[in-house]
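With our numbering applied, the sequence shown corresponds to residues 237 to 441, in that order.
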Amino acid sequence: MFQNLKNLDTAFRHVKYLSYAVTLGSLCLSGYLGMRAMEATQAAQERIFILAEGKALEAFSATKKENIPVEARDHVRMFHHYFFTLSPDENFIREQVSKSLYLADGSAKSVYDNLREGGYYTQIVSANMNQTVETDSVSISIDSYPFDFRFYGKQKIIRPTSVVTRSLITKGRLRHIDRTDQNPHGFLIENWETLSNETITVKKR
237 MFQNLKNLDT
247 AFRHVKYLSY
257 AVTLGSLCLS
267 GYLGMRAMEA
277 TQAAQERIFI
287 LAEGKALEAF
297 SATKKENIPV
307 EARDHVRMFH
317 HYFFTLSPDE
327 NFIREQVSKS
337 LYLADGSAKS
347 VYDNLREGGY
357 YTQIVSANMN
367 QTVETDSVSI
377 SIDSYPFDFR
387 FYGKQKIIRP
397 TSVVTRSLIT
407 KGRLRHIDRT
417 DQNPHGFLIE
427 NWETLSNETI
437 TVKKR
């Protein structure tokens, strides 16, 4: 009988030790999984986006902070491309301007409204004009937020009888917003204004 009690006590001790081992193993596993989850979350936050044909694709070659100037410059470049690349077609003009206004605030809408009310877009259609913009450079300052930028480029206006080239220098600020299909960079241009738009050359065709 005492032998049975001894065996029972030994069995209880074994069960207790096994319970301790299982509990310890569970704690270790939970800690490991928690650590891995935190690492995965941090890695996801550090993911950046590279651009291919205006679309943001995930990449892992740099930190998010390092990639901000790249995305910011392309955002500014694409805004100016949409806003200033126009053809003598009302639907095309409307589509281009609509794309650009997804990338900027009311300051760009005000410029568009002034041009429209002044008959600028009507003149493009009636005079059979094409307009393009060429980016020379985009400077971004990320030392303070929102980010200040300046755009340097050339605006080309192609008429049936001439080609006019103008300088185009603008400035504004960039702030973060959520990424969307219409705004893949997740920036919004604010306080946009034109600093210079002077004629450089006029060539006859």
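Virtual Cβ for every residue (Gly too), placed ideally from N, Cα, C.
Item: Supposed contact pair F385 and A308 - C-beta distance, whole angstroms, cut 8 angstroms; Value: 7 angstroms
Item: Local conformation of Q418 per DSSP, three classes; Value: coil
Item: Residue from N433, R395 and L431 whose Cα sits closest to the Cα of K440; Value: R395
Item: Bridge-paired residues (DSSP) for S373; Value: Y388
Item: Buried or exposed by the 16-neighbour rule on C-beta atoms within 10 Å, applied to E289; Value: Here E289 scores only 48 on pLDDT, less than 50, and its place in the model should not be relied on; the value that follows carries that caveat. With fewer than 16 Cβ atoms within 10 Å of its Cβ, E289 is classed as exposed.
Item: Beta-carbon proximity check, H316 vs T371, cutoff 9 angstroms; Value: yes
Item: Extent of the continuous beta strand (DSSP E) to which G342 belongs; Value: Counting along the chain, G342 falls outside any beta strand (DSSP E), though it belongs to the alpha helix (DSSP H) covering G342 to E353.
Item: 9 angstroms Cβ cutoff met for V399 and T435; Value: no
Item: R411 in three-state terms, based on DSSP; Value: strand
Item: T368 beta carbon near the ligand FMN (any heavy atom closer than 8 angstroms); Value: In terms of ligand content, the structure shown is empty, and the ligand FMN therefore cannot be addressed.
Item: Three-state class that DSSP yields for T321 in the structure shown; Value: coil
Item: Residue burial classification, M314 (beta-carbon count within 10 angstroms, cutoff 16); Value: buried
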